[in-house]
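For the sequence shown, my numbering gives the first residue as 7, with consecutive numbering after it.
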Amino acid sequence: MSENRKFTTKQLVIIAMLVALNVILSRFLSIAAWNIKIGFAFVPVVFAALYLGPWQAALVGALGDFIGATLFPIAAYFPGFTITAAIVGLIYGLFLSKKQTMPRILGAVLATEIIGSLLLNTLWVSVLYGSPFLPLMATRVFQCLILGAVEIVVIRIMAGLVPRLVHSAS
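Right, here's the structure in full:
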């Protein structure tokens, strides 16, 4: 996207579709337990990062979380998870918007899993439920390892497909 901060109609439509897809993947097509959630809600955020850039990916993540939590609540809305979703989108965008090399993909996944899943989301769950942080974090390491491996494979595939899809749609 150009340095002009105004969104085109096309970009707004793409963002809206990605937010809707994020809500569907997060709220209806993911496996969730008490403090662990495994799914593919990262895919629309990564698409936004690859195609639109870091700020748009942050917007897709934040809006997807907010709208999903508002329309299809699992518990009371907590803004910490929305902040995490925005930060994760921003991280994906910073790593993946210019180049999609394997080191950048690994860096993006490592940063989002450590900062987003392991630290911030664990902190929010700890605050919400009054659970001790470190034991809770230990239970989430397994989720981060599994989801991180899945993300690496999916993002690598997407990095090859998204430019071709965008080029053929233009």
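Virtual Cβ for every residue (Gly too), placed ideally from N, Cα, C. Because the structure is a prediction, the values reported are computed rather than measured.
Give me, in chain order, the residues of the same chain whose beta-carbon lies closer than 8 Å to that of P138; leave out the 5 immediate sequence neighbours on both sides. If we look at P138 and ignore the five residues flanking it on each side, its Cβ neighbours are S132.
Alpha-carbon to alpha-carbon, A55 and Q62: For Q62 and A55, the gap between their C-alpha atoms comes out near 7 Å.
Taking C-alpha atoms, which residue in A114, Y98, F148, I89 lies nearest to L129? When only C-alpha atoms are compared, the closest one is I89.
For L31, is the classification buried or exposed, using 16 other Cβ atoms within 10 angstroms of its Cβ as the cut-off for buried? Result: buried.
Under the three-state reduction of DSSP, which class applies to A165: helix, strand or coil? In the three-state scheme derived from DSSP, where H, G and I count as helix and E and B as strand, A165 is classed as helix.
Beta-carbon proximity list for L126, same chain, < 6 Å, skipping 5 on both sides: Correct list, in chain order: T90.
Nearest by alpha-carbon distance to F148: which of P169, E119, M164, I158 is it? Of P169, E119, M164, I158, the residue nearest in Cα terms is E119.
Our contact map puts G67 next to A92 with C-beta atoms below 8 Å; I'd like the distance itself, whole angstroms only. Contact holds; Cβ gap of about 5 Å.
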